[in-house]
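One structure is given below, encoded as structure tokens.
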Amino acid sequence: MIIEPRTRGFICLTSHPKGCEQNVIDQIEYVKSKGTIDGAKKVLVIGASTGFGLASRITSAFGSGASTIGVFFEKPPSEGRPASPGWYNSAAFEKEANKAGLYAKSINGDAFSNEIKKQTLDLIKADLGKIDMVIYSLASPVRTHPDTGVKYKSVLKPIGGKFQNKTVDFHTGVISEVSIEPAQGDDIENTVAVMGGEDWKMWIDALKKEELLSEGFTTIAYSYIGPSLTEAVYRKGTIGRAKDHLESTAFAITDSLKPLNGNAYVSVNKALVTQASSAIPVIPLYISLLYKVMKEEGIHEGCIEQIQRLFQDRLYADNMPTDDQGRIRIDDWEMRDDVQAKVAELWKLATTESLPKIGDLKGYEKDFFNLFGFMVDGVDYDLDVNEMVEIPGLQ
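Using full-length UniProt numbering, read the sequence shown as starting at 1 and increasing by one per residue.
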């Protein structure tokens, strides 16, 4: 079939298998071009199919030669209907890993559930014995608690008052005012239940109980802080409360890992175009201005560049630097004073008319469609493609 992008709001309803595959190959080639990283050799990635999780799996495998197990929740293809992009990403990753002689297997299902945890633990026991590293990179809007069956839904809301500011429809380039009502009732609690650290700790506790963690084991989860421009709706909003919980959970996990000399870290990453970030009002406009500034400064990074630098220059470097709250800061270039001052100045000037000149909306749009395998360089979208792609090591 010939597959074209079909969008609804901030979601693309289709994905392109060849485009996703080329995307993965490009990321692999980037990691290989940066040389070997003396990192973990047996790695579990929870949320392994897109964004930072996929980049982490690629960097572990092709930077450190790691055996990887990926857990994700993706929609498989059916005749005449493409899979979700993470399915095609994972198929491409495994295909390339197999070519390189690297162990790679995947589990598709709800990572919050006890059933998927058990299936993953059984696979580790059977194939790898112990795990050196767990990367926790889930980005789900909903979580059903595995013990109580209660379903929680996260919300993107400010706390304590209504939020009003500019935002952009990145499909049309039109800038408008957005207004978001404040969190009410159980909004904060629900968001923390979905996006906080409870499930991360449940994974580590389950692995530890079954003695599947190696000496010196490391686990890392991803967070974001961002500038004052976005803090009302992000860091000081409901998501921020969840990120606070995630970051405090790192200390609790580290305490539980003391017998293994293990550590849990949170990496604060830069703002990037992801399916999750596209849904947050204000963020697309901020990112389009940020991209413009960082590209002009020669310090722009996508997912793979960010994670490769995290692994090479932070996680596996001597005397890893952290901030005063114990977090790894790989958002350091984004948060440079000069970068933020320029973005703040551009923000004041941003209108529908001025944005094409002062922002990088085209770069934002390309990154967005790349997530779904579209607008990828080197792919002929006029050709028929087979949507029925299998993941070789799917369990």
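Beta carbons: idealized from backbone N, C-alpha and C, even for Gly.
Quick check: is the beta carbon of residue i nearer than 7 Å to any beta carbon in chain D?
i: Gln-164; result: The structure shown contains no chain D, having only a single protein chain.
Considering Cα atoms alone, identify which of the options is closest to residue i.
i: Val-385; options: Ala-66, Tyr-88, Thr-230; result: Tyr-88
i: Ile-135; options: Pro-85, Val-71, Gly-302; result: Val-71
i: Pro-85; options: Leu-371, Tyr-381, Asp-377, Leu-383; result: Leu-371
i: Met-195; options: Ala-242, Tyr-222, Val-168, Ile-204; result: Ala-242
i: Gln-312; options: Glu-345, Val-24, Gly-35, Val-266; result: Gly-35
i: Ser-67; options: Pro-17, Lys-130, Gly-80; result: Lys-130
i: Arg-8; options: Asp-377, Ala-279, Asp-337; result: Ala-279
i: His-145; options: Asn-114, Arg-336, Ala-317; result: Asn-114
i: Thr-148; options: Val-178, Phe-170, Ala-193; result: Ala-193
i: Ser-154; options: Thr-238, Glu-215, Ala-48, Ile-304; result: Thr-238
According to the Cβ coordinates, are residue i and residue j closer than 7 Å?
i: Lys-41; j: Asp-127; result: no
i: Gln-306; j: Ile-107; result: no
i: Val-273; j: Ile-225; result: no
i: Pro-182; j: Lys-162; result: yes
i: Ser-15; j: Val-43; result: no
i: Pro-158; j: Ala-232; result: yes
i: Ile-391; j: Ala-91; result: yes
i: Gly-197; j: Leu-246; result: yes
i: Lys-105; j: Ala-206; result: no
i: Gly-173; j: Leu-361; result: yes
i: Tyr-222; j: Phe-52; result: yes
i: Ser-64; j: Ile-37; result: yes
i: Ala-264; j: Thr-219; result: yes
i: Val-178; j: Pro-281; result: yes
i: Val-379; j: Gly-19; result: yes
i: Gly-76; j: Val-168; result: First, the residue type needs correcting, since residue 76 is Pro and not Gly in the sequence shown. No; because the gap between Cβ atoms is not below 7 Å, this pair is not in contact.
i: Leu-213; j: Ile-124; result: no
Residue i to residue j, Cα distance in whole Å?
i: Glu-334; j: Val-31; result: 21 Å
i: Ile-358; j: Leu-349; result: 8 Å
i: Gln-275; j: Leu-138; result: 12 Å
i: Ala-344; j: Glu-21; result: 37 Å
i: Leu-121; j: Gly-39; result: 22 Å
i: Phe-251; j: Ser-49; result: 27 Å
By the three-class DSSP mapping on this structure, what secondary structure does residue i have?
i: Val-273; result: coil
i: Glu-177; result: strand
i: Tyr-364; result: helix
i: Gln-395; result: coil
i: Gly-223; result: Checking the sequence shown, residue 223 turns out to be Ser, not Gly. Strand.
i: Leu-207; result: helix
i: Arg-81; result: strand
Please classify residue i: is it buried, with 16 or more other beta-carbons within 10 angstroms of its beta-carbon, or exposed?
i: Asp-367; result: buried
i: Pro-82; result: buried
i: Leu-229; result: buried
i: Leu-13; result: exposed
i: Met-294; result: buried
i: Asn-261; result: exposed
i: Arg-6; result: exposed
i: Ser-176; result: exposed
i: Glu-96; result: buried
i: Thr-351; result: exposed
Would you check whether the ligand MN has a heavy atom nearer than 6 Å to the C-beta of residue i?
i: Leu-102; result: Only the bare structure without any ligand can be found here, which leaves the ligand MN out of the picture.
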